[in-house]
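Structure record follows, encoded as structure tokens.
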Amino acid sequence: MKEREKRLPNGLMHELNKFYYDTAQANHPGALAALLKLAPLSQILYGTDYPFWTGAEENEGLSAQHFAATDLMAIERENALRLLPGIKA
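Here's what the structure looks like:
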């Protein structure tokens with residue numbers, strides 16, 4: 115058995131799907147399409163990289179993708195609340 119198979123018995127993609135990813139610098143069509151192929155929507159969080167990218171720019175980029183309202187709410191809020199249950203909404 116190869117060393118990689120020992121360390122990643124379920125494969126690399128299985129492990130990458132455990133990570134959470136934010137939308138900072140990834141709010142344009144190409145980057146979001148790539149991100150959504152890598153990770154499920156439930157693992158994507160809102161991010162801005164302020165001061166390099168403003169909240170307004172991030173919001174514009176996400177709005178332009180025409181996510182379903184429930185998907186956009188998941189990215190903007192619900193995924194983070196699930197990840198950090200101690201935060202009171």
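Note that my numbering gives residue 128 to position 14 of the sequence shown, counting from 1, and the numbers run on in steps of one. Ideal Cβ placement from N, Cα and C applies to all residues, glycine included.
Item: When DSSP builds the beta bridges, which residues end up paired with Ile158?; Value: Tyr135
Item: Return helix, strand or coil for Pro199, following the three-state DSSP convention.; Value: coil
Item: Measuring straight from C-alpha to C-alpha, what distance separates Phe166 and Met115?; Value: 45 Å
Item: My guess is that Ile189 and Leu176 are in contact by the Cβ rule of under 8 Å, so how many angstroms apart are they, rounded?; Value: 7 Å
Item: Would you kindly report the start and end of the unbroken alpha helix (DSSP H) that includes Pro143?; Value: Pro143 to Leu152
Item: Beta carbon of Ser137, beta carbon of Gly169: below 8 Å?; Value: Inspection of the sequence shows that residue 137 is occupied by Thr rather than by Ser. No; because the gap between Cβ atoms is not below 8 Å, this pair is not in contact.
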